[in-house]
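Worksheet: the structure to be examined is printed underneath.
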Amino acid sequence: MTTGEAQRAVPKITRGSCHCGAVHWEFRGTIPDATICNCTVCRRYGVLWAYGYDGQGIHVEDETDALAAYICGSRSLSFNFCRRCGNLVTWRALRPSRNGETRIAVNLRLAEPAEVADVRLQRFDGLHSFEDLPPDARTVADVWF
Numbered sequence: 329m330t331t332g333e334a335q336r337a338v339p340k341i342t343r344g345s346c347h348c349g350a351v352h353w354e355f356r357g358t359i360p361d362a363t364i365c366n367c368t369v370c371r372r373y374g375v376l377w378a379y380g381y382d383g384q385g386i387h388v389e390d391e392t393d394a395l396a397a398y399i400c401g402s403r404s405l406s407f408n409f410c411r412r413c414g415n416l417v418t419w420r421a422l423r424p425s426r427n428g429e430t431r432i433a434v435n436l437r438l439a440e441p442a443e444v445a446d447v448r449l450q451r452f453d454g455l456h457s458f459e460d461l462p463p464d465a466r467t468v469a470d471v472w473f
């Protein structure tokens, strides 16, 4: 097996953790994009979301029960924070879809910058239209301060 074949056989794993290290997440596979949203919650937190399904590509490890949920608005999702350091770690649907999968997103700002720098941004208007906005050429590196 060549090096290229070996790299294709092993899925990429991107990892992140809250500041204190109590909560960790893994995104298995290539992250297609990171959503930057202007809703009343996301713009205040400054998050960059990578979406998937709980236990299917995204795995969250919270061995000490450090996550606390904030549920607002439509009560269809929770924003999950580390109760020790305050970092926003995930967004999680409160109900599974019809096929039993639970939508989840992880905050890419908790990953190492070099690991996610090339992920392209998807702008989402969560404030007015609740629709994706036209793509531009920006990546995570363009909004990383």
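Numbering (the working numbering), first residue to last: 329 to 473. In this text, a Cβ means the ideal position worked out from N, Cα and C, and glycines have one as well. It should be emphasised that the depicted structure is a prediction, and the values quoted were computed from it without experimental measurement.
- Setting aside the 5 residues that flank it on each side, G454 is surrounded in the same chain by C365, N366, C367, C370, each with a C-beta closer than 7 angstroms to its C-beta; the list follows chain order.
- For C370, the secondary structure class from DSSP, reduced to helix, strand or coil, is helix.
- Taking each of R412, S406, P339, T363 in turn and checking the Cα distance to F452, the smallest one comes out for T363.
- The beta carbon of A350 lies closer than 6 angstroms to those of T392, A394, C410, R412 in the same chain, with the five residues before and after it left out.
- Around E354, the same chain offers I341, R343, H387 as residues with beta carbons nearer than 6 angstroms, after the five sequence neighbours per side are excluded.
- Non-local C-beta neighbours of A378 in its own chain, meaning closer than 7 angstroms and more than five positions away in sequence, comprise F355, I359, A362, A433, V434, L436, ordered along the chain.
- Taking C-beta separations shorter than 6 angstroms and ignoring five residues to either side along the sequence, the partners of H352 in its chain run S345, E389, following chain order.
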